[in-house]
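Asker:
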Amino acid sequence: MEPLEQLHARLLSAFPGAEISIVNNPGPAAQHSLLLPAALAREIAFFLRDDPALRLDYCSNVTGIDWLKAGHIEVVYHLYSMALKHGPVIIRLRTANRTDAVTLPSLTPVWRACEFQEREVFDLYGVVFDGHPDLRRILMWDEFKDHPMRKDYIEPDDYEWEPTPHGAIHDKAKAHYPAAVTPAEGAAKP
Amino acid sequence: MIASDISPLASRLSSGAHTRAVTDPFHGDLLEVSMGPHHPSTHGVFRMQVTLDGETIVKLKPVFGYLHRNHEKLGESTSYLGSMPYTDRLDYLNSMTNNWAYALAVEQLAGQPVPERAEYLRVILAELTRLLNHTCLAGFLLQDCGCSGTPLMYAFREREKILDLFEALSGSRMMCNFQRFGGCRTDASPEWLAAAKQLTDGYGAFLDEYERLITGNEILMARTQGVGALKPDLAISAGITGPMLRATGVDYDLRKVDGYGFYPRFEFRVPLGDHGDTYDRYMIRVLEMRESIKIIQQAFATLPAGPVMDPKAKLRGFRPKPGEAYGRIEGPRGEIGFYLVSDGTPNPYRYRVRPPSFVNLTLLEDLCLGHTVADAVIILGSIDIVLGEVDR
């Protein structure tokens, strides 16, 4: 497969003016990746899939990373080619922030393999994929509120707590009893 | 019966379509059925929200998450080695390959070499795992077809023998926790190798017996051939991997493509299917088992002496340099991969499992549409899922 620098140059000539950059991986694995602009991501993904020299027809892995300090969420796609048996080409998309601008274009129209994995990123990281055919929670239940894979997620004390009619009655009943005695004090009395 | 009633019925029978005739008084009445999460055919806690027209499936939505324990978050809150025993619990039939996939990803992340004997042991154990998984699948698939007991017991008899080997080597039948970053935890003794060799040499006879019983069986063929057929283009686009992909005729096996471990040193073929239906998926697994036997026998013949653990490998205080790595291997169910991001601390910043059976379920609805509920059960069985891995 062509080196990533060459692919980068080709993408820049195919999409003039697009802010495509190489993200360097300093580790020994040296799997460098391409950071794509969200607005053009789907067009570039179609290009990567259909280009005769690349033919990245297989999207293996889709996942999110929460960069708390940098203040954005990244979605990483690992692409391979089954036709030409090469890869990986890694592409990354970044949300503008972690709170209100968390929409990214869905790549499910390009690779069907993204369907469940993007739902999972939506569920666990709260990234909204624009153009996804069926964006619902997948692992957590539908009524769940937060996104548990975020780095600043705080778990509730009791996942299964829900208000019952008995709660108010118990609170009311407390007024009729004297203040609670600790077991140690109670044991000391005859 | 009046004539107008006969003709749509006749055309329906002749066309072979399972749709209901328009003149049927109940036409258009759809029934929603919730199959699972405790249905025995779902192999765990998995639910299919099925919409039926008569007995024909017109819509199917899989529902997961009943076994979700946020494995990835747990992986981020413990050390690299601390996740190793936890990977056993992903796909609890194939703990050896899960271990290997995770060890491979961490070795790529840290640039850790592996001694030759350990690579051989890994190949032997991974292929034994493949035998184990495919044998179980053949038994379960027959169970799903309604053939209660006998084939499953034949399969489980052989599975027990492999599990005994795993127990002798790692101390545990199913939760092996055997691979380490830079090798294997213990070396295999000569007695163990002799026992494993004996089992492998006798496995072909078991497959012959099993195939005589099952493969040419008329009922199995009637139930599975043409059921849940999958097209190669759709399979590639949906990221289907493993035997399910190769049953459609796509030649993509990571043992050949990536050549990880020492697989390029062994001679084996990649069986490919033709129709992509349930029968092909069953048949591919049987053929893969025969190739696995060949790989293990070659590995035994050329197994080198030496250490099974790189002496420079660091287990305690293991801190890979900042960076990231995606490592993947050909598990028995498909591509199992681990994506790790290190920030230089003892815990991974990001720990991601790419589960094969989760992604393979993407096409469950496409495969089941137009078939009956009984067919959906065997289609799901032939996809071969483990909910520990789907839900994580």
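Residue numbers (my numbering), protein chains in the order written: chain A, -9 to 180; chain B, 1063 to 1454.
Note that beta-carbon positions come from the ideal geometry of N, C-alpha and C, so glycine has one too.
Just so it is clear, the structure is predicted and the values come from calculations on it, not from any experiment.
Out of B:Tyr1322, B:Lys1293, B:Gly1321, B:Asp1320, which has the shortest C-alpha to C-alpha gap to Arg1308 (chain B)?
Answerer: Among B:Tyr1322, B:Lys1293, B:Gly1321, B:Asp1320, the Cα nearest to that of Arg1308 (chain B) is on B:Lys1293.
Asker: Helix, strand or coil for Asn1422 (chain B)? Go by DSSP, reduced to three states.
Answerer: In the structure shown, Asn1422 (chain B) sits in a helix (DSSP, three-state: H, G or I).
Asker: Using a beta-carbon distance cut-off of less than 8 Å, what residues from the segment 1396 to 1408 of chain B approach chain A?
Answerer: Result list: Glu1397, Gly1399, Tyr1401, Val1403, Ser1404.
Asker: Would DSSP call Arg1049 (chain B) helix, strand or coil?
Answerer: An answer regarding residue 1049 (chain B) cannot be provided, because it is not within the stretch 1063 to 1454 covered by chain B.
Asker: Which residue wins for smallest C-alpha separation from Tyr1413 (chain B), given the options B:Met1237, B:Thr1434, B:Gly1137?
Answerer: Nearest option by C-alpha distance: B:Gly1137.
Asker: So, for Lys1259 (chain B): in the same chain, excluding its five sequence neighbours on each side, which residues have a beta-carbon less than 7 Å away from its beta-carbon?
Answerer: Closer than 7 Å at the Cβ level, and outside the excluded window around Lys1259 (chain B), lie Phe1362.
Asker: Mind checking whether Asp1453 (chain B) and Phe1243 (chain B) have CB atoms under 7 Å apart?
Answerer: The answer is no: Cβ separation not under 7 Å.
Asker: When the Cα atoms are used, what is the spatial distance from Met(-9) (chain A) to Leu26 (chain A)?
Answerer: Roughly 20 Å between the two C-alpha positions.
Asker: For the ligand NAD, any of its heavy atoms closer than 6 Å to the Cβ of Trp1162 (chain B)?
Answerer: Ligands displayed in this structure: none; no statement on the ligand NAD is therefore possible.
Asker: Hey, quick one: how far does the alpha helix (DSSP H) through Phe112 (chain A) stretch, first residue to last?
Answerer: Note, Phe112 (chain A): alpha helix (DSSP H), 104 to 115.
Asker: Which class does Gly1450 (chain B) belong to by DSSP, given the choice of helix, strand or coil?
Answerer: Gly1450 (chain B) falls in the helix class under three-state DSSP.
Asker: Taking the runs of the alpha helix (DSSP H) that are 4 residues or longer, which of them lie wholly in the segment 1214 to 1302 of chain B?
Answerer: Whole alpha helix (DSSP H) segments, 4+ residues: 1252 to 1276, 1280 to 1286, 1294 to 1299.
Asker: Express the C-alpha separation of Phe106 (chain A) and Glu64 (chain A) in angstroms, rounding to a whole number.
Answerer: Cα-Cα distance, rounded: 17 Å.
Asker: Does Met72 (chain A) come within less than 7 Å of chain B when only Cβ atoms are used?
Answerer: For Met72 (chain A), the answer is yes, since a Cβ of chain B falls inside 7 Å of its Cβ.
Asker: Any idea which residues DSSP pairs Ser11 (chain A) with across the strands?
Answerer: Looking at the DSSP assignment, Ser11 (chain A) forms a beta bridge with A:Leu25.
Asker: Got a sec: which bits of the segment 1361 to 1393 of chain B sit with their beta carbon under 9 Å from any beta carbon on chain A, in order along the chain?
Answerer: Under the 9 Å Cβ criterion, the segment 1361 to 1393 of chain B contributes Pro1382, Lys1383, Pro1384, Gly1385, Glu1386, Ala1387, Tyr1388, Gly1389, Arg1390.
Asker: In the structure shown, what three-state DSSP assignment does Met1158 (chain B) receive?
Answerer: Reduced to three states, the DSSP call for Met1158 (chain B) is helix.
Asker: Let me confirm a value: Leu1377 (chain B) is counted as buried when at least 16 other C-beta atoms fall within 10 Å, else exposed. Which label applies?
Answerer: Exposed: under 16 other Cβ atoms inside 10 Å.
Asker: Which class does Arg1184 (chain B) belong to by DSSP, given the choice of helix, strand or coil?
Answerer: Helix, per DSSP.
Asker: Quick check on Ile12 (chain A): buried or exposed, where buried means 16 or more other Cβ atoms within 10 Å of its Cβ?
Answerer: Ile12 (chain A) should be labelled exposed.
Asker: Whole angstroms are fine: how far does the CA of Pro1326 (chain B) sit from the CA of Lys1318 (chain B)?
Answerer: Answer to the nearest angstrom: the Cα atoms are 7 Å apart.
Asker: Would you mind giving the Cβ-Cβ distance between Gly1266 (chain B) and Pro16 (chain A), rounded to the nearest angstrom? I have them listed as a contact below 8 Å.
Answerer: The pair is not a contact, with the Cβ atoms about 49 Å apart (cut-off 8 Å).
Asker: Using a C-beta to C-beta distance shorter than 9 Å, which residues of chain A count as neighbours of Lys1135 (chain B)?
Answerer: Within 9 Å Cβ-Cβ: Leu114, Pro138, Met139, Tyr143.
Asker: Given a threshold of 16 other Cβ atoms within 10 Å of its Cβ, counted over all protein chains shown, does Tyr167 (chain A) qualify as buried or as exposed?
Answerer: Burial call: exposed.
Asker: Cβ atoms of Ser96 (chain A) and Tyr70 (chain A): under 7 Å apart, would you say?
Answerer: Contact: no.
Asker: Is the Cβ-Cβ distance between Ile1440 (chain B) and Asp1206 (chain B) less than 7 Å?
Answerer: For Ile1440 (chain B) and Asp1206 (chain B), yes; Cβs fall inside 7 Å.
Asker: Apart from the five residues on each side of it in sequence, which residues of its chain come closer than 8 Å, Cβ to Cβ, to Ser1419 (chain B)?
Answerer: Counting only Cβ-Cβ distances below 8 Å, and skipping sequence neighbours, we find Asp1153, Arg1395, Gly1396, Ile1445, Asp1446, Ile1447, Val1448, Glu1451, Val1452.
Asker: Run through DSSP, which three-state label would Pro18 (chain A) get?
Answerer: Note: Pro18 (chain A) maps to coil in three-state DSSP.
Asker: Which of the residues in the segment 1162 to 1175 of chain B, read from start to end, lie with their CB under 8 Å from any CB of chain A?
Answerer: Cβ contacts with chain A come from Gln1170, Leu1171, Ala1172, Gly1173.
Asker: Of all the CB atoms in chain B, is at least one closer than 7 Å to the CB of Gly17 (chain A)?
Answerer: True, the Cβ-Cβ gap to chain B drops below 7 Å.
Asker: At which residues does the alpha helix (DSSP H) containing Pro1305 (chain B) begin and terminate?
Answerer: First-last of the alpha helix (DSSP H) with Pro1305 (chain B): 1305 to 1308.
Asker: Could you give the residue range of the beta strand (DSSP E) that holds Arg1381 (chain B)?
Answerer: Taken as a continuous stretch (DSSP letters only), Arg1381 (chain B) belongs to no beta strand (DSSP E), as it is neither H nor E.
Asker: Please identify the residue among B:Lys1123, B:Leu1426, B:Pro1366, B:Asp1320 whose C-alpha is closest to the C-alpha of Arg126 (chain A).
Answerer: Closest by alpha carbon: B:Lys1123.
Asker: In chain order, what residues of the same chain lie with their CB nearer than 6 Å to the CB of Gln1360 (chain B), ignoring the 5 residues before and after it?
Answerer: Only Phe1328 meet the Cβ criterion.
Asker: Distance, Cα to Cα, Ala1291 (chain B) vs Thr1340 (chain B)?
Answerer: Distance between the alpha carbons of Ala1291 (chain B) and Thr1340 (chain B): 7 Å.
Asker: For Leu1206 (chain B), which residues in chain A fall below 9 Å Cβ to Cβ?
Answerer: The sequence given here places Asp at residue 1206 (chain B); Leu does not occur at that position. Near Asp1206 (chain B) there are no residues of chain A at all, since even the closest Cβ is about 23 Å away, more than 9 Å.
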